[in-house]
Structure formats: C-alpha cells, structure tokens
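In order, the protein sequence lines correspond to chains A and B.
full-length UniProt numbering applies: residue 1 is where the first sequence begins, and numbers increase by one.
full-length UniProt numbering applies: residue 1 is where the second sequence begins, and numbers increase by one.
Here the structure comes first, spelled out in structure tokens, and everything after it is commentary.
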Amino acid sequence: MFHIHCPYCDEYREEEEFHPRGQAHLARPATPDTTTDDEWGGYLFFRDNERGIHHELWVHSVGCRKFFNITRNTATYEIHETYKMGERPSVTAENLPDSQHQSGVQAATSGWQTVGARPESASLNQEEQV
Amino acid sequence: MKRYSGFGLVKHAMSHHENWERQWRNPTPKKQYDVIIVGGGGHGLATAYYLAKVHGITNVAVIEKGWLGGGNTARNTTIVRSNYLWDEAAALFEHSMKLWEGLSQDLNYNVMFSQRGVLNLGHTLQDMRDIQRRVNANRLNGIDGEVLDAKGVQDIVPILDCSKNARYPVMGASWQPRAGVARHDAVAWGYARAADSMGVDLLQNTEVTGFKIRDGRVHGVHTNRGDIEAKTVGCVAAGNSGVLAKMAGFKLPLESHPLQALVSEPLKPILDTVVMSNHVHGYVSQSDKGDLVIGAGIDGYVGYGQRGSYTTIEHTLQAIVEMFPIFSRVRMNRQWGGIVDTCPDASPIISATPVKGMFFNCGWGTGGFKAIPGSGHVFAATLAKNEAHPIAAPFSIDRFNSGALVDEHGAAGVAH
Numbered sequence: 001m002f003h004i005h006c007p008y009c010d011e012y013r014e015e016e017e018f019h020p021r022g023q024a025h026l027a028r029p030a031t032p033d034t035t036t037d038d039e040w041g042g043y044l045f046f047r048d049n050e051r052g053i054h055h056e057l058w059v060h061s062v063g064c065r066k067f068f069n070i071t072r073n074t075a076t077y078e079i080h081e082t083y084k085m086g087e088r089p090s091v092t093a094e095n096l097p098d099s100q101h102q103s104g105v106q107a108a109t110s111g112w113q114t115v116g117a118r119p120e121s122a123s124l125n126q127e128e129q130v
Numbered sequence: 001m002k003r004y005s006g007f008g009l010v011k012h013a014m015s016h017h018e019n020w021e022r023q024w025r026n027p028t029p030k031k032q033y034d035v036i037i038v039g040g041g042g043h044g045l046a047t048a049y050y051l052a053k054v055h056g057i058t059n060v061a062v063i064e065k066g067w068l069g070g071g072n073t074a075r076n077t078t079i080v081r082s083n084y085l086w087d088e089a090a091a092l093f094e095h096s097m098k099l100w101e102g103l104s105q106d107l108n109y110n111v112m113f114s115q116r117g118v119l120n121l122g123h124t125l126q127d128m129r130d131i132q133r134r135v136n137a138n139r140l141n142g143i144d145g146e147v148l149d150a151k152g153v154q155d156i157v158p159i160l161d162c163s164k165n166a167r168y169p170v171m172g173a174s175w176q177p178r179a180g181v182a183r184h185d186a187v188a189w190g191y192a193r194a195a196d197s198m199g200v201d202l203l204q205n206t207e208v209t210g211f212k213i214r215d216g217r218v219h220g221v222h223t224n225r226g227d228i229e230a231k232t233v234g235c236v237a238a239g240n241s242g243v244l245a246k247m248a249g250f251k252l253p254l255e256s257h258p259l260q261a262l263v264s265e266p267l268k269p270i271l272d273t274v275v276m277s278n279h280v281h282g283y284v285s286q287s288d289k290g291d292l293v294i295g296a297g298i299d300g301y302v303g304y305g306q307r308g309s310y311t312t313i314e315h316t317l318q319a320i321v322e323m324f325p326i327f328s329r330v331r332m333n334r335q336w337g338g339i340v341d342t343c344p345d346a347s348p349i350i351s352a353t354p355v356k357g358m359f360f361n362c363g364w365g366t367g368g369f370k371a372i373p374g375s376g377h378v379f380a381a382t383l384a385k386n387e388a389h390p391i392a393a394p395f396s397i398d399r400f401n402s403g404a405l406v407d408e409h410g411a412a413g414v415a416h
C-alpha cells in the first residue's frame, strides 16, 4: 500500500484515501477548431505508459478533494515526490542518475527480491540461510 | 511428434512413464526467419501455430524473454465466453469460441475446456436492462444467451445468496451455457508442442532489446542472443507492448495495470459454473483441482510490478463473501498479479503500425485468455497476407483517431 504525501494537506495518508487519474501534464489542444483528428486522438487516448519514472495525476478523493501530481516509478512503485497542480516535477527520468530506476528493471544486485515497493528495512528482503 | 492417445498412455505406463519425448525442442536462433513473433504467451504461440498450419509459413521464430506461457497466460482466471455486445467484438470472440470447441482434438492436447456456463449477475434495474440488451444482441449474432430471473439463478447456483437481505440483492443474470473454463497452461503447451512439430522455433530466455528499422521498414530484431532478421514482425507482448512500441518509435493507446487473482485451498466440488458480477466487482469458479479461482479488479494506477495492492484483494473478497456467505471461512492459498494492457475502449488492438512489416496484437486488457485461439487465428492471417483479416480489421489502431471505437466496457467491465 502506498503512503502518499498530499501536498495540500501536508500529511502522509494511506492509498485508500486517494484515487489515481492517469498521466499528468496533458495539455488540451489550444486551438480546437484547427486541431486534426490525429492530434485529438493523441490527446484523448495515446499515453506514455512508461515503465520507470512516470508523472501522474491523483486526487485526494476522501481528504481535501484536491488534485495533485505524483512522480512514481511504475516498476519499483517507489514514490519520488508529490507536487501541487501547476508545478513542474523536480525528479524526471532524465535527471535521475541511477540507471536502475530509469529502466525500471529489477536488478539482481540491489538485493530486492521482488519488483515492488521498497521495503522499510533491507533485512526484510533477505532470505533466511538454511 | 508422437501423437498422444489412450494407447500411448498404457504403453508408457509399462516403462513407468520415464520415456516420454520432450514436448518441444530448444533450438538455437537462426540468422533469418520469414516471420518473428515477439512474445511466447498463449496469443503468440497460437499465432505461430496458425501461421504454420493454415498458411504454411513454418520458418517462424517465437521470441520469449522468460519461459513459454509464463506471463499472463499463467496468471488468469481461465474464463472463456463470447457474450460481447457489439458486432465487431462478438464476431471476434465467437470466432474464438468456435475454435475452443474443437481445440483439444485440433492440438492433440487436452486443454480441459469445460463448457460449464457463465452467469453475469445483475443487481440493479439498470444492470438487468443492460443484460437484456446484451443477450438480445448476442442472439442476433448467433451467440447463445438467456436472461434469468433471481429464481433461475438460484436453481443453477444453490449456494449463491439470492435473498432480499443482501446489500445488493441478485435480480437476475445473463447465462451463456456454452461458456466455461479451460486449463491455462495446457493451452500454451498444446500450441507450443503443435507449432514446434511443424518447424516453428520457440526461443526461450531470449529478450528483444531493439528493432532493426531502415527507411520506415522493419528488418529484424536485436536480442540478447544476437540479431535475427525477418521482414515481418508480430508483437504479442501484453503488458509490455508499450515498451516494445517505444523501442520502435511510436506510442500505443494503452496503459498497463496490475490485475490480480487468487485461489483458495482445494475444496470438494461445490460450484459447477462460473459466477461473475460487475456490480459488486468479483468473479469466481472452481477448478478441477478444487480450488476456488477468484478474480479481482485492476489497480487504478499504471504499474509493471507483477503484484497487486491489498485494498483491491480486500474489496474483491468482500464481494465474494457477499455473494457466497458459505465461503466466508475459506482460506486463500495463493495470490498473484499480471500486467494487463488496457485500451480506452476495452477492446483489443490487432493492427499494422507506422513501421512497415511490424504488426501489434495487444490491448486485450483484462480478458485476453478467452480470445487466444481466435486472436492467434486472425493475427496469423494478418501477418501472412500483410493485410488485416476481416474480423481483425475493426480493431486497427486507426480507430483512436477516426473515433470508430468498439466500446465494450459493459461486456468487458472489470470482470473478464
């Protein structure tokens, strides 16, 4: 379960209070009258669907009910930051140096057993030596 | 390939079943093939099989980064049905259903297809109106279906709580008697064995790392075992289709989500059909082994981790216990997640792409298993003739720009 920091409430709350609303920073075509079918299709349906760093829109639906953005790794499920509407992300796939996070591929050397949330303690993921 | 038969079983019993031949070879990749299929799940293997069998194209490689049928083919709830609303989708899924009905004989492999019927429950007046509309549409398309009232549902599933006391009382259901379940692994293995016997190379542990594209035309793939050339490449990679499309330089109208399912401890036979409810959000059947097979919904966020969230499981089990109070103390054995590629209109994509010679078969979302034979059949025709099979034509990527969507959210719903 995600523990999400709502930038408006300034509090960590559980995932169940929130609702994901898909990819963030989608700009509606500014000139609808001259926008082509291909551009409309792109705006309405085509998404980055990134494996790795993904900026997405969430709503604190049973909290303050405000929309905000999350930068999250869709392979490891690590949340890098949350930020308000109108702001730009400070963490992006380009400025994150760790290649493991960028590719989003499970790295055997990292000691993680599964692709998923980073455990609070690394020892949780160590298999017992028999 | 030696045919499987009752006689063979007896013969091998004499030697303690120690001399069965391997079901398929483990070949080294050739330099060049006529067709490369990326993705060795049910859909990919079925495509290879029908390419060889129907179109006589046997110089085919199936490239799989893990092992055959190890992705969503091994991670679904194995429900097969064809009661879709729109003509385009009904044609596709009914085409598949007809192939299912002869599949075990066709493949000489027991896929354990059991036509035990599927109930789609209605809990509100609107549910019942939608069910009526869908059943009528099905019948016009020659697909079997009946509308049942609560008593009719109770007769089929005595353990279902059809009383008025439920939070969402069952008002009725649609019933497709020809629908059912099949053994998921056997489907992948059966197609793999049959395709291999006709000369198809199944390359496991081979990961595509890029595409060779020159002048807008595909010439092959780069893999971790070297480059392989082909003029025709079909990508059938479910949740990872978007990643492949990115390698080839275009976007797909897909989002990948984790979808999870779980099975209980084995029980004595108690449920002899499939019960699905879109309204309370859960579906359940009982496998031949005796486990209850329960399907949950997708997590709402984009995710590539093959596991789902606990809130989703909890929500699903609430629905199951609401429908079947008798299951309240059943213990769950295993839970797993697969990555499903969902389309905005809940219909698949079987299409050419901006890259010449490259085709995608994806976007099956939460309900691809039932379509494996039909999807493979029409996709093989599309690859062989270089133009869309008539049944596949409405499922082109172009529909997201033209607006000719095939909106199956009602028939697909969460409960696929």
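Here a beta-carbon is modelled for each residue, glycine too, at the ideal position from N, C-alpha and C.
No experiment lies behind these values; they were computed from the predicted model shown.
Quick one: residues in its chain with C-beta nearer than 7 Å to the C-beta of residue i, no 5 flanking neighbours on either side, listed in chain order?
i	result
Y49/B	Y191, A194, A195 and G376
T223/B	I63, T206, E207, V208 and T209
Q335/B	Q260, L262 and I313
So, does the CB of residue i fall closer than 8 Å to a CB anywhere in chain B?
i	result
M1/A	yes
G41/A	yes
H25/A	no
F46/A	yes
In three-state terms, what does DSSP make of residue i?
i	result
G116/A	Residue confidence is low: G116/A scores 38 on pLDDT, short of 50, so the model does not pin down where it sits. No coordinate-derived value is stated.
P169/B	coil
T73/B	helix
A186/B	helix
E127/A	Note on E127/A: pLDDT 47, under 50, position unreliable in the model; no value is reported.
F68/A	strand
D288/B	coil
H43/B	helix
Y109/B	coil
I339/B	strand
M323/B	helix
K2/B	coil
H3/A	strand
T273/B	coil
R133/B	helix
T82/A	strand
S375/B	helix
P32/A	helix
Buried or exposed for residue i, please, with buried defined as at least 16 other CB atoms from any protein chain shown within 10 angstroms of its CB.
i	result
H101/A	Its pLDDT being 47, under 50, H101/A is placed unreliably in this model, and the value from its coordinates should be taken loosely. The residue is buried, with at least 16 neighbouring Cβ atoms inside 10 Å.
N401/B	buried
E14/A	exposed
Q260/B	buried
T34/A	exposed
D272/B	exposed
Q126/B	exposed
K268/B	exposed
T342/B	buried
E255/B	buried
H16/B	exposed
Should residue i be flagged as near chain A, meaning a C-beta pair shorter than 8 Å?
i	result
Y109/B	no
residue 418/B	No answer is possible for residue 418/B: it lies beyond the span of chain B, which begins at 1 and ends at 416.
K65/B	no
P354/B	no
P394/B	no
Y33/B	no
G255/B	It should be noted that the sequence gives Glu, not Gly, for residue 255/B. Interface residue, yes.
N401/B	yes
S309/B	yes
P344/B	yes
Within the same chain, show all residues whose beta-carbon is closer than 6 Å to that of residue i, passing over the 5 residues directly before and after it, in chain order.
i	result
Y12/A	H3 and H5
Taking CB distances under 8 Å as the criterion, tell me whether residue i reaches chain C.
i	result
N95/A	In the structure shown, chain C cannot be found, because the protein chains are A and B.
Might you give, ordered along the chain, the residues of its own chain that have their beta carbon closer than 8 Å to the beta carbon of residue i, omitting 5 neighbours on each side?
i	result
G122/B	M128, D130, I131, V170, M171, G172, A173, S174 and H279
W40/A	P29
D48/A	Q23 and H54
- Query: With a cut-off of 8 Å, do at least 3 Cβ pairs link the stretch 88–99 of chain B to the stretch 361–373 of chain B?
  - Reply: yes
- Do the stretch 222–238 of chain B and the stretch 80–91 of chain B make contact, defined as three or more Cβ pairs closer than 8 Å? no
- Message: With three or more beta-carbon pairs closer than 8 Å as the criterion, would you say the stretch 329–343 of chain B touches the stretch 353–361 of chain B?
- Response: no
- Decide yes or no for the touch test of the stretch 294–304 of chain B against the stretch 69–78 of chain A: beta carbon pairs closer than 8 Å, at least 3 of them. yes
- Message: Any contact between the stretch 16–23 of chain B and the stretch 52–63 of chain B? By contact I mean 3 or more CB pairs, one from each, below 8 Å.
- Response: no
- Given 8 Å, three or more beta-carbon pairs between the stretch 105–115 of chain B and the stretch 393–409 of chain B: no
- Give a yes or no on contact between the stretch 33–43 of chain B and the stretch 64–71 of chain B, applying the rule of three or more CB pairs nearer than 8 Å. yes
- Query: Should the stretch 314–333 of chain B be regarded as contacting the stretch 289–299 of chain B, the criterion being three or more beta carbon pairs within less than 8 Å?
  - Reply: yes
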